[in-house]
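In what follows, a structure is listed as structure tokens, so that the remarks can point back to it.
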Amino acid sequence: SKMDECSLLLFAQFSQQQQDLDSAIHALEVYLEEYPASPAAAPGRDWLARLYFQKADQLRAFSNFPAALQIYLNIQSRFQSSIIDNVIEAIIAGLFVSWGDDLQANGDLALSIEKYTIVLDYYPSTASLDPAISGLKTAISAWHQSLLNNGEYEQALLENQTLIAKYHMHTF
Numbered sequence: 240s241k242m243d244e245c246s247l248l249l250f251a252q253f254s255q256q257q258q259d260l261d262s263a264i265h266a267l268e269v270y271l272e273e274y275p276a277s278p279a280a281a282p283g284r285d286w287l288a289r290l291y292f293q294k295a296d297q298l299r300a301f302s303n304f305p306a307a308l309q310i311y312l313n314i315q316s317r318f319q320s321s322i323i324d325n326v327i328e329a330i331i332a333g334l335f336v337s338w339g340d341d342l343q344a345n346g347d348l349a350l351s352i353e354k355y356t357i358v359l360d361y362y363p364s365t366a367s368l369d370p371a372i373s374g375l376k377t378a379i380s381a382w383h384q385s386l387l388n389n390g391e392y393e394q395a396l397l398e399n400q401t402l403i404a405k406y407h408m409h410t411f
């Protein structure tokens, strides 16, 4: 009924105003499933995409990088639009840099190196390339130092050669 249709949209709006993104997202998902032919379905999809962005940004702000990444990837595959395609790559690349920085700050150098290299390998044309290279250099030298401190000279040399071979164009 029209009443049910309107109440779902109103509930979504109310939930969003209360900062309850999960309930707002759920209401819109139900709405789009129940009323796909409604004139409000297209703007409803845009609204849903924005809510998912908001949710992912919130997770990212709390350093929940895996969950945020999952939502960004879902947005990318589900809401096909040129606007989203243009921003999502940059957002995902930025997330990997933040994730790498966070891991590095917590002393998890090997994993931070992995996150930075994802940017170099998959998102080299984004603005996150330079911060990724800079984070990578810092992490590599800290990791290298820790290997040397532990007397793991062969391991240090091997890792160095591998990374230099792969990323020599970024001048280490």
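Anchor point for the sequence shown: position 95 equals 334 in my numbering, and the numbering is continuous, going up by one each time. Ideal Cβ positions, reconstructed from N, Cα and C, are used throughout, including at glycine.
{"Asked": "Give the straight-line distance between the Cα atoms of serine 262 and cysteine 245, rounded to the nearest whole angstrom.", "Found": "16 Å"}
{"Asked": "Please report the residue range of the alpha helix (DSSP H) in which phenylalanine 301 lies.", "Found": "Premise fails: phenylalanine 301 is in no alpha helix (DSSP H) and is neither H nor E."}
{"Asked": "Is threonine 365 buried or exposed, if buried means 16 or more other CB atoms sit within 10 Å of its CB?", "Found": "buried"}
{"Asked": "Could you give the C-beta distance for isoleucine 323 and alanine 288, rounded to a whole number, given that I count them as a contact under 8 Å?", "Found": "7 Å"}
{"Asked": "Taking its Cβ as the centre, do 16 or more other Cβ atoms sit within 10 Å of phenylalanine 301, making it buried, or is it exposed?", "Found": "exposed"}
{"Asked": "Give the secondary structure of tyrosine 274 by DSSP, where H, G and I count as helix, E and B as strand, and everything else as coil.", "Found": "coil"}
{"Asked": "Classify glutamine 343: buried if its beta carbon has 16 or more other beta carbons within 10 angstroms, exposed otherwise.", "Found": "buried"}
{"Asked": "Using the Cα positions of arginine 317 and isoleucine 310, report the straight-line distance between them to the nearest angstrom.", "Found": "10 Å"}
{"Asked": "Between the segment 324 to 344 and the segment 383 to 397, do at least 3 Cβ pairs fall closer than 8 Å?", "Found": "no"}
{"Asked": "I think aspartate 382 touches alanine 349, with their Cβ atoms under 8 Å apart; what is that distance to the nearest whole Å?", "Found": "The sequence given here has tryptophan at residue 382, not aspartate. About 7 Å separates the two Cβ atoms, so the contact holds."}
{"Asked": "In whole angstroms, what separates the C-alpha of serine 277 from that of glutamine 297?", "Found": "30 Å"}
{"Asked": "For the segment 344 to 411, which segments carrying the alpha helix (DSSP H) assignment without a break, of at least 4 residues, lie completely within its bounds, in sequence order?", "Found": "348 to 361, 368 to 388, 392 to 406"}
{"Asked": "What would DSSP say about arginine 253, mapped onto helix, strand or coil?", "Found": "Arginine is not the amino acid found at residue 253; the sequence shown has phenylalanine there. It is helical."}
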